[in-house]
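Asker: The sequence shown begins at -2 in the numbering used here and counts up one residue at a time.
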Amino acid sequence: MRTFILKANTAVTSPDFSLKDLPGTGGRIDLLCRFLNSAFLLSHGIRKDVRVFMTLYGRPNPPKTIHFEGPKLKVRLNPDERSTALILKKALKIGEDLREPTKEVEVFPGVYVSNMTFEDVVRRVMKDSTLYYLVEDGKPITEIEFPQNPAFVLGDHLGLSKEDERFLEGIAKKVRIGRRSYLASHVVAFVNIWLDGM
Ligand SMILES: C[S@@+](CC[C@H](N)C(=O)[O-])C[C@H]1O[C@@H](n2cnc3c(N)ncnc32)[C@H](O)[C@@H]1O
-2 MRTFILKANT AVTSPDFSLK DLPGTGGRID LLCRFLNSAF LLSHGIRKDV RVFMTLYGRP
58 NPPKTIHFEG PKLKVRLNPD ERSTALILKK ALKIGEDLRE PTKEVEVFPG VYVSNMTFED
118 VVRRVMKDST LYYLVEDGKP ITEIEFPQNP AFVLGDHLGL SKEDERFLEG IAKKVRIGRR
178 SYLASHVVAF VNIWLDGM
């Protein structure tokens, strides 16, 4: 199983964003849609060996975590951003009433929402996966032999904060896919294709 964890610093935590303006009203919800596209979509099907956690830290009620579990996923992910944004909207609607700190509620088969923090997600994933932090100054991916269940942490357009990076120190090995700074969705696509070739 491959796991991708995205820290979405500005993505809104309310369903009131407009499908016509995902970057503005959604605090870059468009980035989350492309991230899911790269994590799951193949030309004619979806990857069943992938799970994604996205921790949303935008207004008005952070954090919210939306989790997609490939093996259980029944909802249809399409290449367009609008239909994926609708799934996120539904998750945030259900998440509005959530009070428990870590309990997940199923939104659709294989899609869950919770109040988990970025740290909660990392701690949970670490229990059954080896953690890597994808970052521009990491060790070249060509020099790493990945184990059975790798998990990758990525930042959004703002990257991870110094505090997030301190939290990951000692628990996640830093890996880079190249020397330039790429879009998070492109990094996920590259890592998926790289691991396919192994
Ligand atoms: C658009 S980049 C973030 C850029 C942001 N300005 C920064 O300085 O962190 C989004 C995320 O993709 C990942 N990323 C970007 N380039 C990468 C690279 N060359 N190797 C590994 N991960 C990369 C990192 O996790 C980064 O936080």
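We put the CB at the ideal spot given by N, CA and C, even for glycine.
None of the values given here were measured: they were computed from a predicted structure.
(1) Decide if Arg79 is buried, meaning its Cβ has at least 16 other Cβ atoms within 10 Å, or exposed.
(2) What does the shell around ligand 1 hold, if a residue joins when its beta-carbon is under 5 Å from any heavy atom?
(3) Within 10 angstroms of the Cβ of Pro76, are there 16 or more other Cβ atoms? Answer buried if so, exposed if not.
(4) Any idea what DSSP makes of Val9, helix, strand or coil?
(5) Going by DSSP, which residues form a beta bridge with Ser111?
(6) State the start and end residues of the unbroken alpha helix (DSSP H) segment that holds Leu89.
(7) Quick one: grab the DSSP three-state call for Ala169.
(8) Mind checking Ser40: buried by the 16 CB within 10 Å criterion, or exposed?
(9) Starting from Val72, trace the alpha helix (DSSP H) in both directions and tell me its first and last residue.
Answerer: In short:
(1) exposed
(2) Leu131, Glu133, Leu151, Gly152, Gly156, Arg173, Ile174, Gly175, Ser178, Tyr179, Ala181, Val184
(3) exposed
(4) coil
(5) Thr62
(6) 78 to 92
(7) coil
(8) exposed
(9) It is not in any alpha helix (DSSP H) - Val72 carries neither H nor E in the DSSP assignment.
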